[in-house]
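Working notes, structure below.
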Ligand SMILES: [Fe+2]
Ligand SMILES: [Fe+2]
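Residue numbers (the working numbering): 863 to 1021.
Given below as structure tokens:
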């Protein structure tokens, strides 16, 4: 009955719920300060993570396990944009690494469908990592101009 897979899928759900909370927290703060592009990126990524919860939960229920729905970490109250991007990139990197390991563990336990779920998540987390680290590079290259550009994008939306 693939108990280990259910345990790993629930761990993934814990990480995904933490990511949703953290990214929505970043979304609110960026939105409040008029950094619309970043606010949108955090919101869109949070929605992707919500779909990851759904995929993991569907697999748990198929395996007749219980879905725990417990965030693994509480939200870090980070307010500086550069620190938000760094935290988000680190979370994505860690998720991609863990899901790779857990995919291998599921394969070792002859549960290739759960392995496939983790592999699909890895693809998304690597894309998220790439997006956040690109924004971080832009920030480092442009400095204050970076935030100004994000504000301008907000103003364009209003007019
Ligand atoms: Fe995710
Ligand atoms: Fe992600």
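Don't be surprised by glycine CBs; every beta carbon is placed ideally from N, CA and C.
{"Item": "For residue 997 and residue 934, what's the separation of their Cα atoms in angstroms?", "Value": "26 Å"}
{"Item": "Please classify residue 922: is it buried, with 16 or more other beta-carbons within 10 angstroms of its beta-carbon, or exposed?", "Value": "buried"}
{"Item": "Quick check: residue 886 and residue 908, are their CB atoms within less than 8 Å of each other?", "Value": "yes"}
{"Item": "Expressed to the nearest angstrom, what Euclidean distance is found between the alpha-carbon atoms of residue 954 and residue 947?", "Value": "11 Å"}
{"Item": "At the level of alpha carbons, what is the spacing between residue 878 and residue 957?", "Value": "9 Å"}
{"Item": "So, at 8 Å on beta carbons, what are the nonlocal neighbours of residue 896 in its own chain, with the 5 sequence-adjacent residues on each side left out?", "Value": "1012, 1013, 1016 and 1017"}
{"Item": "Any heavy atom of ligand 2 closer than 7 Å to the CB of residue 982?", "Value": "no"}
{"Item": "Using CA coordinates, which residue listed in 1005, 893 and 880 is at the minimum distance from residue 949?", "Value": "880"}
{"Item": "With a threshold of 8 Å on Cβ separation, who are the neighbours of residue 1021 within its own chain once the five nearest residues in sequence on each side are excluded?", "Value": "In this predicted model, residue 1021 has a pLDDT of only 49, less than 50, meaning its place in the structure is not dependable enough to derive any value."}
{"Item": "Taking its Cβ as the centre, do 16 or more other Cβ atoms sit within 10 Å of residue 974, making it buried, or is it exposed?", "Value": "exposed"}
{"Item": "What residue from 924, 917 and 884 has the CA that sits closest to residue 903's CA?", "Value": "884"}
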